[in-house]
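Worksheet: one structure, shown below.
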Amino acid sequence: MDITAIKTEPYLDQAMGTSGLRKKTAVVRQSRYIENFTQAIFDSLEGFAGKTLIIGGDGRFYNDKALQTILKIAAANQFGRIIVGQNGLLSTPATSHIIVKYGAIGGIILSASHNPGGPDGDFGIKFNTENGAPAPQSVTDKITARAHTIDRYWTMNIPDIDLSEIGEQTFGNTVIEVIDPVADYAAYMQEIFDFSAIKTLFTNGFTMIYDAMNAVTGPYAKRIFEGLLGAPAGTVIHGTPLPDFGGLHPEPNLTYAKHLVDMMYADSAPDFAAASDGDGDRYMILGRSFFLNPCDSLAILTQYLDSIPFYHGRLTGVARSMPTSFAADAVARDKHIACYQTPTGWKFFGSLLDAGKITLCGEESFGAGSCHLREKDGIWAILAWLSILAQTGKTVAEITHALWQQYGRVFAMQQSYEGLDATDANTLMEKLRESLPTLNGTTVNDRTITDAAEFTYADPVTGDTATGQGICLSFGSDARIVYRLSGTGSSGATLRVYLNERTTDATRFSQSPATAMADLADISRQIANLKKHTGRETPTTIT
Ligand code: VG1
Ligand code: CO
0 MDITAIKTEP YLDQAMGTSG LRKKTAVVRQ SRYIENFTQA IFDSLEGFAG KTLIIGGDGR
60 FYNDKALQTI LKIAAANQFG RIIVGQNGLL STPATSHIIV KYGAIGGIIL SASHNPGGPD
120 GDFGIKFNTE NGAPAPQSVT DKITARAHTI DRYWTMNIPD IDLSEIGEQT FGNTVIEVID
180 PVADYAAYMQ EIFDFSAIKT LFTNGFTMIY DAMNAVTGPY AKRIFEGLLG APAGTVIHGT
240 PLPDFGGLHP EPNLTYAKHL VDMMYADSAP DFAAASDGDG DRYMILGRSF FLNPCDSLAI
300 LTQYLDSIPF YHGRLTGVAR SMPTSFAADA VARDKHIACY QTPTGWKFFG SLLDAGKITL
360 CGEESFGAGS CHLREKDGIW AILAWLSILA QTGKTVAEIT HALWQQYGRV FAMQQSYEGL
420 DATDANTLME KLRESLPTLN GTTVNDRTIT DAAEFTYADP VTGDTATGQG ICLSFGSDAR
480 IVYRLSGTGS SGATLRVYLN ERTTDATRFS QSPATAMADL ADISRQIANL KKHTGRETPT
540 TIT
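In numbering that gives the first Met the number 0, the protein residues as written are 0 to 542.
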């Protein structure tokens, strides 16, 4: 086969963030940009010749072109088998699953996840290792370092591969196999959950809307909810993956999925609604006139998980990212299971899952997952909730109210200040960092800071440490403010401010987080000198 080495020069802006490389689409369309990064990933792996590689994406604009380029480079690098989802589609959780199922050395996922797509939108490349998990820091550091020194890549001179037909073709020592992106994942979900119990819900007239936001989960949701579970046709909306997501911003939250929220607060609302993000690893759940906060969801999953057959007797611990509220902690204590606090990003859960220290994990940003695979998994979380509803016969609101009655309600809100100047945002964080020693014991608006610290994580399994993972101000044990900068943006900077407060006063349970924590929000702006550093007084999104 015709394999050539092509000389190249590095792009010094190539780096792995919270979840892979994220850039403006126009940036990755530059000549040799995808080529360099792909070769940098392969150069930082060892012993991959003859091994299997998985490739897929969320169907966004430019995925088709990038996929063809990557296939040729992977074939030239002598992978034995390259498995690609039909039409280039594979959700992030499905990729994680089949990496392990087919014994692959890793997988490349073309997605900028919840960021908008299109020529003016974002593009991304994620790499997952052989346990199916997002590459850990040690690997991403290697990839970034190699991308900064790369001087050649290999490519195979073959025509574009037809990805619309399932089947395989051989090129030199490499087989390229196109697979059904849904079949393996759907079969795995049937192993985990009692599908007949969920099916009975629908037979008894339970109604649901699932919004795939014109992104990758449409085919998964149609096959699983409408096909295997018997939900009526039309349950899945925005179910065809489109290169520009049909103009939607595929981030299911109260801002970008407002249409769904409005449907659920209308008189004609169904019993249940759910949505996923671009690459299918996030989930949002709503009951009738009720929004389920993802932090409460993690606590409830911790309560009920061992009632799902796959998890009987398997609940060892739960982990949450640091900015995720402490709602799950109380449940874990009650269940006598371990509870870990990790930095933001799924890559920090992998070692705990592999070591069997946790069964379940989640983030405030609409992510939940378990030991079944090494990514967060939107459809899995929705199936877990449907199982709980089927088993209890209760509504989402009733189950959540019961949690609050038992443990108190932990209000949780994330305020994002998007599109900031990166220098301004870094200065704000730097000043906060410098003021930490003096903040301890300071009183603002009648509230006293009892602990002010920057979060450093020591992985209990690998011993790796991660510093600078967010600044946390505690006001006693029941209220806190967390500040961190987003690591998934493609330009400028986004400041995330997370607010939490627990109350056991049942008369306050029905308050909105915005009302309940208005003073905490005010304090968060004062302490960070937000207006002075950024010129902003209000966040751009609140969830
Ligand atoms: C955000 C979320 C984080 C999540 C990450 C990837 O990161 O806050 O919790 O793990 O996105 O999610 P950041 O650094 O922007 O705050 V996604 O759906 O890329 O898979
Ligand atoms: Co995602």
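Note that CB positions come from ideal geometry on N, CA and C, so glycine has one too.
| query | result |
| --- | --- |
| Taking 8 Å as the threshold, find out whether the stretch 55 to 65 comes into contact with the stretch 106 to 126 through three or more Cβ pairs. | yes |
| So Arg-446 packs on Pro-322, CB below 8 Å; how close in whole Å? | The Cβ separation is near 19 Å, so there is no contact. |
| Looking only at its own chain, which residues have a Cβ that is under 6 Å from the Cβ of Gly-159, when we skip the five neighbours before and after it? | The question names Gly, yet the displayed sequence has Asp at residue 159. Excluding sequence neighbours, Asp-159 sits near Gln-67. |
| Along the chain, where does the beta strand (DSSP E) containing Met-207 start, and where does it finish? | 207 to 210 |
| Is the Cβ-Cβ distance between Arg-31 and Ser-489 less than 8 Å? | no |
| Are Gln-413 and Arg-495 closer than 8 Å when you measure CB to CB? | yes |
| Should Gly-486 be listed as close to the ligand CO, given that the test is whether its C-beta is under 7 Å from any heavy atom? | no |
| With a threshold of 7 Å on Cβ separation, who are the neighbours of Thr-216 within its own chain once the five nearest residues in sequence on each side are excluded? | Ser-90, Ser-275, Gly-279, Gly-377 and Ile-378 |
| Given Ala-465, which residues of its chain have a CB within under 6 Å of its CB, disregarding the five upstream and five downstream residues? | Pro-342 and Tyr-456 |
| Is Lys-100 helix, strand or coil by DSSP? | helix |
| I'd like the span of the alpha helix (DSSP H) that includes Tyr-219, first residue to last. | 217 to 220 |
| Pick out whichever of Glu-363, Phe-347 and Asp-420 has its Cα sitting closest to the Cα of Lys-356. | Phe-347 |
| Give me the DSSP bridge partner(s) of Glu-167. | Glu-176 |
| With a CB to CB cut of under 6 Å and the five nearest residues on each side skipped, what residues in its chain are close to Ala-73? | Leu-52 and Ile-81 |
| Nearest CA to the CA of Ile-236: which residue from Gly-440, Ala-4, Ala-272 and Ala-421? | Ala-272 |
| Could you check whether the stretch 139 to 159 touches the stretch 34 to 48, counting it as contact only if at least three pairs of C-beta atoms, one from each stretch, sit closer than 8 Å? | yes |
| Give the DSSP-derived three-state secondary structure of Ala-457 in the structure shown. | strand |
| Do Asp-270 and the ligand CO come close, with the Cβ less than 7 Å from some heavy atom? | no |
| Are there any heavy atoms of the ligand VG1 lying less than 7 Å away from the beta-carbon of His-113, as far as the coordinates show? | yes |
| At the level of alpha carbons, what is the spacing between Gln-136 and Asp-518? | 37 Å |
| Which stretch, first to last residue, makes up the alpha helix (DSSP H) that contains Ser-386? | 377 to 391 |
| Is any non-hydrogen atom of the ligand VG1 found closer than 7 Å to the C-beta of Glu-417, if you look at the structure I gave you? | no |
| Quick check on DSSP: helix, strand or coil for Leu-11? | coil |
| Using the Cα positions of Gly-87 and Ile-175, report the straight-line distance between them to the nearest angstrom. | 12 Å |
| Using a threshold of 7 Å, is the CB atom of Glu-432 nearer than that to any non-hydrogen atom of the ligand CO? | Position check: residue 432 holds Arg in this sequence, whereas Glu was assumed. Answer for Arg-432: no, Cβ out of range of the ligand CO. |
| Can you tell me the Cβ-Cβ gap for Gly-55 and Val-83, rounded? I've got them flagged as a contact below 8 Å. | 6 Å |
| In whole angstroms, what separates the C-alpha of Gly-196 from that of Glu-417? | For clarity, residue 196 is Ala in the given sequence; the question names Gly instead. Their backbone Cα atoms lie some 43 Å apart in a straight line. |
| Can you check which of these residues, Leu-253, Pro-269, Thr-539 and Val-460, is closest to Asp-353 by C-alpha distance? | Val-460 |
| Taking 7 Å as the cut-off, is the beta-carbon of Asp-280 closer than that to any non-hydrogen atom of the ligand VG1? | yes |
| CA-CA distance, Glu-362 and Ser-369? | 12 Å |
| Quick check: the Cα distance between Ala-65 and Asp-161, rounded to an integer number of angstroms? | 14 Å |
| Hey, could you find the ends of the beta strand (DSSP E) Leu-88 is sitting in? | 80 to 88 |
| With C-beta atoms as the reference, is Lys-71 less than 8 Å away from Met-155? | yes |
| Ends of the alpha helix (DSSP H) at Gln-136? | 136 to 146 |
| Starting from the C-beta of Gly-366, find all residues in its chain whose C-beta is less than 6 Å away, skip the five residues before and the five after it, and write them out in chain order. | Arg-281 and Lys-375 |
| Is the beta carbon of Gly-469 within less than 7 Å of some heavy atom of the ligand VG1? | no |
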